[in-house]
Amino acid sequence: MIRHIFILLTILFLFIINSNQYNYSENGDDWTDGVCSSGTSQSPIEITFSSLKCNSDRKITLASNNQDYTVTPIVPDGTETNLSLQFDLENYGNLIIKDNSNENEYIYQGTSIIIHSPSEHVYNGNKYDVELQIYFDISSISDSDVTQTLIDNGITSKSVISLIFYVYDSSSIADTNSVFSSERLDISDLSGDITINPSKIFSIYDFSNQFYYYQGSLTTPDCTEDVNWYLMGKAIPISQENFDIIANYYSDAEEITKNYNHFLFSSGFRPHDDKVQTGGEDAFLISDQIMAVADGVGGWNRYGVDPAFFSRELCKNLETNFNSNKTYYTNHLVQLIQKSHQKVKYTGSSTLVVASIQDDKPILNTALLGDSGYILFRVEENKLNIIYEFSEQQHSFNFPYQLSYSRGPNAQSDKASDSILMSHEVQDGDIIVMGSDGLFDNLYLDQISNIANYKSPFTMRGLQQGFNIQHQGKQDDITVLVGVIKLSDNLKKQIENESKQFAQNEKIDL
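In case it helps, mature numbering (1 follows the signal peptide of the UniProt record, and there is no 0) puts the sequence shown at residues -21 to -1, 1 to 489.
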């Protein structure tokens, strides 16, 4: 099988050569909205490979106590929209930061561990399945002058180590690499205390590997600033079975907190082999009520323009504008696209597909411009059947409709109003698979359907075991979003009652 199987299994890959430092300015392009969005520094930031700077003057060592801790998980303030579990532990280990330039060592004490799903940090516009954050504090420092001296030297009173994870099929990864296995973290029952052994968790990672570094804030109140963040550069695989330990809790919580129609979602991205270091030209947006894929048009490269900046800015604007008025923009996607496009000031162009689900009606609205698209599946008789497939918009072969921006006198662009608009009546459990042309140029529709129904990722296991499985098809960036449509409890009850009433009126035996 070819590379797209990785994507449909929502496997993400990072290719990192050096440790890096990301510098950003207050309210700059990387500035994100969040509970800790004020002040002079902020986290999480959006990591962009092309903006990273090498930094190899710092070494980190992590040592933890090999003992069990009994703790009650809590949900941190400001993280209700995604799964977040916090485990407060007292001095469970030490973080040692060594500054190679002066050989000084700074010792931090462990304070807590927080699990986020999906990841809080964004890498080239993409999120990972899980982010595990390990919090440390130099609690012994009380002298403000000493603290300020450390800050001036880039050594702050608080530090956070961040590990990122992606999910493999459980049959393709050894349990010894699964951070959420019962041997390391048993949170199958969150009604009371659980047992956690930090040493067993940290043993899965080689902290001598490369990392990203930046100075920001805590992501939850009290939103402390001047915090050193060390984001480990190597993503860690976990099995689906062990990921479900936390995902099941998330699903239970969703039934309580989300009484509106929404997506349960996952995402995958793999750049073209020649674009690994810059992260490729695709960008996407995915949340509980909107999905979008923007494919930057690679032809701009011959003019020295990186189209990735256009597609990423477009998706960022889509998210900002949609969140400003979800009810309106769910039913007015053309206006959403138009407003988001107008705010993009990077030269380039991009195709686009957007889907949003209404709050209180089983209606999925979509807008499509170009050759990025989507397919709708429905589970019928234990099989996924296709209920809708998109049609491309092409001016001519390999010349799709696209939104553009250029400062030249002959600048042209297709318009948001050129989009193909659709409204689908959906059912609970319907699945939308959305992707860039890298997916649809390499797969026929029946192949996508077969993969979506396939239970055993043979290719992934073969690659892991060292087999030389050949890639075929068109080389391109490949982005795939998968959303399972979940109707609200109120709407499901309403539909059920209407069905019963209809059956009674028609004298149908249900």
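Just so it is clear, CB atoms sit at the ideal spot from N, CA and C, and this is done for glycine as well.
DSSP three-state call for residue i: helix, strand or coil?
i: Ser478; result: helix
i: Gly283; result: coil
i: Leu297; result: helix
i: Asp339; result: coil
i: Asn469; result: helix
i: Glu204; result: coil
i: Glu69; result: coil
i: Lys362; result: strand
i: Gly349; result: coil
i: Tyr380; result: coil
i: Leu418; result: helix
i: Gln112; result: strand
i: Gln88; result: strand
i: Thr40; result: strand
I'd like the list of long-range same chain contacts for residue i, defined as Cβ closer than 7 Å, with 5 residues on each side in sequence excluded.
i: Lys318; result: Asn300
i: Lys305; result: Gln268
i: Gln88; result: Asn70, Asn73, Phe115, Asp116 and Ser118
i: Ser43; result: Tyr71, Gly72, Gly89, Pro177, Ser178 and Phe181
i: Ile294; result: Here the sequence assigns Cys to residue 294, which means Ile is not the residue at that position. Closer than 7 Å at Cβ, skipping near neighbours: Gly104, Ala262, Phe263, Leu264, Ala271 and Ala273.
i: Ile53; result: Gln65
Nearest by alpha-carbon distance to residue i: which of the options is it?
i: Gln321; options: Ser383, Leu363 and Gly277; result: Ser383
i: Leu111; options: Thr198, Met401 and Lys340; result: Thr198
i: Phe376; options: Gln480, Asp350, Trp208 and Ser385; result: Asp350
i: Leu355; options: Gln391, Tyr71, Ala42 and Ile464; result: Ile464
i: Leu460; options: Lys471, Asn476, Asp416 and Ser478; result: Asp416
i: Ile24; options: Gly283, Asp201, Gln194 and Ile474; result: Gln194
i: Glu368; options: Ile411, Tyr114 and Val333; result: Ile411
i: Gln46; options: Gln21, Pro177, Phe288 and Ile86; result: Pro177
i: Ala334; options: Lys295, Ala271 and Cys294; result: Ala271
i: Gln337; options: Glu292, Val323 and Phe242; result: Phe242
i: Thr90; options: Ser328, Met413 and Leu68; result: Leu68
i: Tyr102; options: Glu84, Leu142 and Glu360; result: Leu142
i: Asp407; options: Gly278, Ser467, Asn73 and Ser136; result: Ser467
i: Lys213; options: Tyr191, Cys202 and Arg291; result: Tyr191
i: His374; options: Leu348, Lys295, Met211 and Asn44; result: Leu348
i: Lys137; options: Asp108, Trp208, Ser478 and Gly462; result: Trp208
i: Ala346; options: Ser329, Lys362 and Ile316; result: Ile316
i: Leu400; options: Gly414, Gln314, Lys472 and Ile215; result: Gln314
i: Ser98; options: Lys77, Val206, Gly414 and Ile215; result: Ile215
i: Ser398; options: Gly414, Gln381 and Ser385; result: Gln381
i: Ser462; options: Ser290, Gln473 and Met413; result: Sequence inspection shows Gly at residue 462; the Ser mentioned does not correspond to that position. For the residues Ser290, Gln473 and Met413, the minimum Cα distance to Gly462 belongs to Met413.
Applying the 10 Å Cβ sphere with the 16-neighbour rule, what's the burial state of residue i?
i: Phe181; result: buried
i: Leu418; result: buried
i: Lys434; result: Residue placement at Lys434 is poorly supported in this model, since its pLDDT is 43, which falls under 50; the coordinates still yield a value, given next. So Lys434 counts as exposed.
i: Tyr307; result: exposed
i: Pro379; result: buried
i: Ser402; result: exposed
i: residue 504; result: Past the boundaries of the shown model lies residue 504; the chain is included only from -21 to 489, so the question cannot be answered.
i: Gln480; result: exposed
i: Thr49; result: exposed
i: Lys394; result: exposed
i: Thr330; result: buried
i: Thr353; result: The amino acid at residue 353 is misidentified as Thr; the sequence shows Tyr. Classification of Tyr353: buried, given that the 10 Å Cβ count is 16 or more.
i: Tyr107; result: buried
i: Ser370; result: exposed
i: Glu84; result: exposed
i: Gln391; result: exposed
i: Ser303; result: exposed
i: Ser266; result: buried
i: Glu475; result: exposed
i: Ser396; result: exposed
i: Thr19; result: exposed
Below 8 Å on the Cβ atoms is my contact criterion, and I expect residue i with residue j to pass it. Report the Cβ-Cβ distance as a whole number of Å.
i: Leu297; j: Asn344; result: Not really, about 14 Å apart at Cβ, beyond 8 Å.
i: Ile92; j: Phe144; result: Rounded, the Cβ-Cβ distance is 14 Å, inconsistent with contact.
i: Ile117; j: Leu41; result: Not a contact, Cβ separation roughly 15 Å.
i: Thr326; j: Val276; result: That belief does not hold up - the Cβ atoms of Thr326 and Val276 are roughly 11 Å apart, past 8 Å.
i: Glu359; j: Val323; result: That belief does not hold up - the Cβ atoms of Glu359 and Val323 are roughly 41 Å apart, past 8 Å.
i: Ile86; j: Ile75; result: 6 Å
Closer than 6 Å by C-beta to residue i: which residues in its own chain qualify, once you throw out the five before and the five after it? Chain order, please.
i: Arg357; result: Asn364, Ile366 and Asp409
i: Ile113; result: Ile92 and Ile140
i: Val109; result: Ser96 and Phe144
i: Phe288; result: Tyr325
i: Met211; result: Leu142 and Phe190
i: Trp279; result: Pro286 and Gly327
Could you name the residues of the same chain whose beta carbon sits closer than 8 Å to that of residue i, not counting the 5 residues immediately before and after it, in chain order?
i: Asp340; result: Sequence check: residue 340 is Lys here, not Asp. Only Asn240 and Leu470 meet the Cβ criterion.
i: Cys15; result: Gln21, Ser22, Gly57, Ser196, Leu197, Thr198, Thr199, Pro200 and Cys202
i: Ile342; result: Ile336, Ser402, His403, Glu404 and Val405
i: Asn310; result: Gln337 and Asn344
Using a Cβ-Cβ cut-off of 8 Å, state whether residue i counts as contacting chain B.
i: Tyr307; result: The chain inventory of the structure shown lacks chain B, comprising one protein chain alone.
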